[in-house]
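Student:
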Amino acid sequence: MDRSTGDHRPSARAPRLRLRWIGGSLVVLALVTVAGAWVGRRGLATEWVNGELARRQVPARYEITQLGLRTQRLERVVIGDPARPDLTADWVELDTNVSLSGAQVTGIRAGRVRVRGRLSEGRLMLGSIDRLLPAGTGQAARLPAYRLELADGRLSLATPAGAVEVRLAGRGQIDNGFAGTLAAGSDALTGGGCRASGVSGDLRLRTRGGRAMLTGPVRAAGVTCDGGAVAAVVARVDAQLAPTFDQWTGRAEFGFGALRSAAARAGGGSGMADFAGNANRTAGGVMVNANQVAATDASAKLLMLTGRYHAGLGGSGFVGRVSATGAALAPARLRAIASAGGAGSDTPVAPLMTAAAKAGLAAARDFGASARLHVTPDDTGFRAVLAQVAVASTSGARGTLAGAEAVTLNGEGLRLNTALTLAGGGLPGARVQLSQARVGGAIRARGRISRYAMHGARLDISEFQAVVGAGHGRLQAAVRLSGPVEGGRIDGMRAALNARWDGRGVAINPGCTAVAFDRVRVAALTLDPARARVCAEGAALARFDGERLSGGARVADIAMTGTLGGSPVRLAADGLRYRLGSDDFTVTTPRAALGEREAVTVVEAASLDGTISGAGAGGRFTGASGRIGTVPLRMSEASGNWQYADGALSLGGALTVADATPDRRFNPLISRDMVLTLAAGRITAAATLYAPGHDPAIVRASIGHDLESGAGHADLSVPDIVFSDSFQPDRLTPLTYGVVAEVRGAVSGTGRIDWTRERVTSTGTFRTTGLDLDATFGPVEGIATELHFTDLLNLVTAPAQRVTVARVNPGVAVERGVIDYQLLPDQHVRIESGHWPFASGALTMAPSDLDLAVSAERRLTFRLEGVDAGEFLQQLDFKNLDATGVFDGTLPIIFNAKGGRIENGELRVRAGGGTIAYVGEVSQEDLGFWGNTAFQALKSLRYKSLTVAMNGALDGDMITEVRFAGLSQGKGAKSNFLVRRLQRLPFEFNVRISAPFRQLFDLADPGGYAQRTLSQGITPPTTSARPVQPPESDAMAKDDAK
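So that you can map any letter, position 864 of the sequence shown is 910 in the working numbering, and since no number is skipped, the others follow by simple counting.
Set out below in C-alpha cells:
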C-alpha cells in the first residue's frame, strides 16, 4: 500500500490494490467457511464462522447455500454495519483444494459485489473488511495465482479529492491471463487548486507473467484551476506494473480542448508522455503541443514543449526545448510599434523610425522562437533556465540570446546573463551584453548599434552603456545622426546622450552638451560645419515625469555660415532659449546676411519669440530691419507676427521702407499690412505703403524672390496721389525741395523692379493729366505727361518723353507749351526740345542737360523767334502802348538752390526796325509845360535798331541795358523847331535799368514812366550810369551852336 502523502489522488498502484482487497476479503471469508465446514458441516461451520467474525469484531451476515470439498457458495453476504455495509455480494463461490498441508483457494466467482471505502493520507481503508485481511509478511506484494470470475464488482471510494466510483468485471487467472474492464468515474474531483468535472476512465485490465497491464482512455469534461480552465481532456493510457508492483512503465497520449487562463488561452492541443520508474524515481519523455495560443502580449499558432523529465525521492526536473511557430505580438503591441514609427515626425530620425516600425511590424506579425529549457526545484520553489534562445521572423529578422544561462527565472524573479544580437529584416543590427549580478538585481547593458541607414537617414551608436534597476537607471551613448528635416536634411550631427531615471521620471542631458554637425540644408539654405554648446535650461535638457514634459535649452553666441540659393549666408544671434512642455522659445538679436560685397541681403531683429505646436510654430518679432540684395531699399522698424506651418514661413505686421542710397530719393514710407511668406525656397511679400501721417495709400507693392537663383521682382502700383495744400511732394521726396512748390493735382502709375545676383533693373509708367505748381521761374499750370521709366529706381526714362504745359509765367505768360525730355541717372534731366507759340512767333527751349541735385546749377536757354512787338505788348496787357517790329533773342537762365538768373540774355529787333507809341492821354497839368512839350515830342518814336541785354536774378534785381539807335519821331508826335533840329542829330540811347525782373515790363509804359519822372522836372542823373546821349551828340550840338 502506498503510504505517500502526495496530493491525495489514487496512485498508479490503485487498480491492483483495489483488485487485491476485494478478492482478499472474499478469500478470507471463504477460508473461514471452509475451515468451519471441515469441523462440522453447515451448522458447525456457521457457528465457527460466526465465532471467528466475532473474534475479529466484524459484523457480517451471510447464508451458506453450498458446502463441499471443492466448492463453497455463500449468498446474501453483508459485511459491516447493515445500515451502511462495507461489502455486499449477492453470491460468492470459492473453489478450494484441501490437502495434508491445508486448504488452498484455487478460484473465486462472484456475482454482484459492492464495496465501500475511503482514501486517507495515501491509505485505502475498507472499514471492517480491513480486520479480515491477513497481516503483512514484509515481503513484496504479488498478484495471487487463483482464478477470478467477477460479473459486476464496484467500489465506492471517498477521497479527499471527491467521490470515485470504480467498476471491475472480468475473468481469468489473476496473475497470468486475467482479462477484464476497469471503469472509473466521478462527477468532480478537486485538489491543488483545480477542479475536474465529468471524470471517467474506461480501461482494459490484463495480466501476464505476474504483470498487470492497463490500456484505455481517461477523460474529463473540463478542468478548472485558479485563473484558468481546460475543456475536454482525453488521455489514452498504456501502463504496465511489475509483478512486485514496485516498478512501472508506460505511456499516455492525450489531447485537450479550449484552454483559458488569465495570462493565456489556447484553442486546444495534444501531447504524449512516457514513463518508467519505481517508488524512488520516475522519468520519461514528454511532448505537448498547444494550438492557437494567445497571451496578453503575443500569440502563436503552435506552442510546443518537448524534453525529458524526472521525479522522485532524489528530486525532480525537466530538460528540453520550448518553441513557438506562427507567433505574433498582440494587436495592442503592434499598434504601439506602428505609432512609434511616427514618434520622430519632422526630425532626422523620422525615416529610421518609420523604417524600423515597418520592419518591426513585419517581424512581429509572423515569427518563430525556440529555447532550451531546464527546470529544477530550488529553495524558492523552482528554477527555470532558458538557453540558446533564438527568434526568427519570416521577414528575415532574427535575434538570439547567447549563453548557457541566458535567462534564469525562479520564485524570486528574473536574472539575465546573455549577449543579445539582432539583425536582418530591415531592423538595425545590434549586439548588447546583458548581465545581472543577482536575481532581481540591476540589469547592466553594454553594446553598440550598427549603422542603420534607411531612406536617406543614418544613425550610428558606436557604443552605449546602460544600467536599469528597481526604480533607477542611466544610459550613456555617443550618437551620430544624419537625416531629413522639414524642407531639407542634416548630416553628421554628433552629440553625447546622457539619460537618467529615478523612478519618478527620466532626465536627459543635465548640464551642457557639445553638439556639432557637418551640414544642414533647409530649402535653399545650406549651413557649413558648426558646433555649439547647448546647456540645459533647468535641471536637464528634457525631463519626463509621468505625463509632464519639462526642461529646455539655451545657446549663446550663435554664429554659422553657409549658402542660401548659391549665395553666401551668415547667421548669428546673441542667444536662444527653448522651453520644453510649453514649447516656446526666444531668439535674441537674430541676424542674417545673404550674399557678398554690395549684393548682401541683410535681415536682423531685436527679438524673435515663438511657440512650437503640432501644426508648426508661430510667434512675434520686434525691431526687425533688412535689405534685399542690390535693391536700394531698406526695411526697418518692422514688428508683427510670424508663423511656420506646412513647410512655409509667413510674417505679417508693420514696417518702414526707406531709400538706401546716401542721397535719398524718397522719404521713408510705412506699411501697416505687410505680409511675407517663405515657402519652397521662394519669398513672396505684399504691402501697402503710406506716407507718415497721411492716410491715402502711396504705393501697393508685391514682391517675389527665389532664394536658389537669387532672382526676384517687385510689382508696384501707385494709385492717384493727390497733391494739395496739406500734402506736397516734399512729403515723399526731397528732390522737389527748392524746385517746385504749391503742387496741385494727381499722379498715378505702375512699376516693376527685377533683380538677379548680378544686377537690378526696374521699369515703370507714371502719368498726370493736369498738375499745377510753382517753379523757381514762375507758376506752371496744366502739366500733363506720361513717363516711361527704363530705370525706375534711379528715375531714368527712355528718350522723347513729352510733357505739355497749359501755361507758364516767368514774368511773361506763355501757353500751350510742349517739352520733350529724358530723365537721366544721378538726378539729371536732358531737355531735348521745348516749344511755345508766342506773339506770332515762337519761344523755344534749347537742348540742355540739367542737374537736379540741390547743390548743382541747371542751365536752360530760351530762344524767341519772330516775336511781334505789338502782340507782345498786348500779351503783357499794355493798352496804352502800340509798337511794331519783329524781335529775336536768347534768354540763358541758370537755376540753383538760391533761385534762377538770366545770364547774357539778349533781344534784338530784326532789320527795318519798328515803332513804339504811347496812345494814352497825358495833360499839361500832369507834366507841366516843359514836361508836356517833351512828352508830346517823344510819344511816338521810330527806331532802326533796338537791343536789350539782360542779366540778373529772376526773383531779384535784373540789370537790363536797352540800346536805341536811328530814332525819329513817329506818327502823332508834335514837332517844332527844336525837335526838328534834334532829329538831325545821330541820337543813340543807352539805358541801364536795375529793377526786379517783373517790374521791368512796367517801365515799357512811357506814360507811366514819364508821369513819374518828368513831373519832377528834368534833372541830371544822380547815378553812375552812362549818359543816355553818346559823345558824338555833344560834337553835333557844338556845330549847331556855331
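Don't be surprised by glycine CBs; every beta carbon is placed ideally from N, CA and C. Computed from a predicted model, the values in this text were never measured in an experiment.
Using a Cβ-Cβ cut-off of 8 Å (strictly less than) and excluding sequence neighbours within five positions of Glu-211, which residues of its own chain qualify?
Tutor: Arg-200, Leu-201, Ser-202, Leu-203, Ala-230, Gly-231 and Ser-232
Student: Going by Cα to Cα distance, which pick from Ser-496, Val-138, Ser-441 and Thr-205 is closest to Ala-410?
Tutor: The option with the nearest alpha carbon to Ala-410 is Ser-441.
Student: Mapping the DSSP letters down to three states, classify Gly-97 as helix, strand or coil.
Tutor: helix
Student: Going by CA-CA distance only, name the one from Val-842, Gly-218 and Leu-817 that's closest to Gln-853.
Tutor: Note on identity: in this sequence residue 853 is Arg, with Gln being the wrong assignment. Per the Cα distances, Leu-817.
Student: Figure out for me which residue from Asp-692, Arg-579 and Ile-716 has the closest Cα to the Cα of Leu-701.
Tutor: Ile-716
Student: Going by beta carbon distance, what residues of the same chain come within less than 6 Å of Ala-638, once the five residues before and after it are set aside?
Tutor: Leu-617 and Val-649
Student: Just the Cα atoms here: how many angstroms apart are Asn-456 and Gly-238?
Tutor: 20 Å
Student: Along the chain, where does the alpha helix (DSSP H) that runs through Gly-247 open and close?
Tutor: Where Gly-247 is concerned, there is no enclosing alpha helix (DSSP H), although the beta strand (DSSP E) it sits in stretches over 240–254.
Student: Give the list of continuous alpha helix (DSSP H) stretches no shorter than 4 residues that lie fully inside the segment 450–535.
Tutor: none
Student: Can you name the start and end residues of the alpha helix (DSSP H) that Ile-383 belongs to?
Tutor: Annotation for Ile-383: the continuous alpha helix (DSSP H) segment containing it runs 377–386.
Student: With distances taken from CA atoms, which of Asp-776, Asp-320, Gln-103 and Pro-678 is nearest Trp-801?
Tutor: Pro-678
Student: Residue range of the beta strand (DSSP E) that Thr-400 falls in?
Tutor: First-last for Thr-400: 396–411, but that is the alpha helix (DSSP H), not the beta strand (DSSP E).
Student: Taking DSSP's pairing of strands, which residues face Pro-263 in a bridge?
Tutor: Arg-282
Student: If distances are taken between C-alpha atoms only, which option among Leu-505, Leu-462, Ala-450 and Gly-998 comes closest to Leu-473?
Tutor: Leu-505
Student: In the DSSP assignment, what are the bridge partners of Ala-605?
Tutor: Ala-618
Student: Ends of the beta strand (DSSP E) at Gly-693?
Tutor: Careful: Gly-693 lies outside any beta strand (DSSP E) and carries neither H nor E.
Student: Nearest to Thr-371 by alpha carbon, out of Phe-364, Ala-386, Gly-387 and Ser-345?
Tutor: Ser-345
Student: May I have the straight-line CA-CA distance separating Ala-106 from Leu-235, to the nearest angstrom?
Tutor: 32 Å
Student: Have a look at the DSSP bridge pairing and note the partners of Ile-799.
Tutor: Ala-760 and Ser-808
Student: I think Thr-464 touches Ala-452, with their Cβ atoms under 8 Å apart; what is that distance to the nearest whole Å?
Tutor: 4 Å
Student: Would you identify the three-state DSSP class for Glu-788, choosing helix, strand or coil?
Tutor: strand
Student: Can you give the beta carbon distance from Gln-868 to Glu-861, rounded, assuming they're within the 8 Å contact cut?
Tutor: The beta carbons of Gln-868 and Glu-861 sit about 24 Å from each other, so the pair does not count as a contact at 8 Å.
Student: For Gly-218, report the span of its beta strand (DSSP E) as first-last.
Tutor: 208–219
Student: Taking contact to mean 3 or more Cβ pairs, one atom from each stretch, closer than 8 Å, check whether the segment 746–754 and the segment 721–730 are in contact.
Tutor: The answer is yes - the segment 721–730 touches the segment 746–754, with three or more Cβ pairs under 8 Å.
Student: Could you tell me if Val-703 is buried or exposed, where buried requires 16 or more neighbouring beta carbons within 10 angstroms of its beta carbon?
Tutor: buried
Student: What are the start and end residues of each continuous beta strand (DSSP E) run of 3 or more residues lying completely inside the segment 693–779, in chain order?
Tutor: Fully enclosed beta strand (DSSP E) runs of 3 or longer: 694–705, 715–725, 728–736, 743–752 and 758–769.
Student: Taking DSSP as the reference, what is the three-state secondary structure of Gln-103?
Tutor: coil
Student: Contact between the segment 260–267 and the segment 240–249: three or more CB pairs below 8 Å?
Tutor: yes
Student: Could you have a look at Gly-361 and say whether DSSP puts it in helix, strand or coil?
Tutor: coil
Student: Which ranges does the beta strand (DSSP E) cover as unbroken runs of at least 3 residues, wholly within the segment 856–916, from first to last along the chain?
Tutor: The segment 856–916 contains these whole beta strand (DSSP E) runs: 860–870, 874–884, 887–891, 894–897 and 904–914.
Student: Could you check what DSSP says for Thr-782 in three-state terms: helix, strand or coil?
Tutor: In the structure shown, Thr-782 sits in a helix (DSSP, three-state: H, G or I).
Student: Would you give the residue range spanned by the beta strand (DSSP E) that Thr-142 belongs to?
Tutor: 130–145
Student: Taking the DSSP output, what are the residues bridged to Val-24?
Tutor: The chain is shown from 47 up to 1088; residue 24 falls before or after that span and cannot be answered.
Student: Considering Cα atoms alone, identify which of Gly-675, Gly-959 and Ala-403 is closest to Asp-934.
Tutor: Gly-959
Student: Give the C-beta separation of Pro-34 and Arg-710 to the nearest angstrom, bearing in mind that I take them to be a contact with Cβ-Cβ under 8 Å.
Tutor: Residue 34 lies beyond the residue range present for the chain, which begins at 47 and ends at 1088; the question has no answer from this structure.
Student: Would you report the Cα separation of Arg-1009 and Lys-990, rounded to the nearest angstrom?
Tutor: 11 Å
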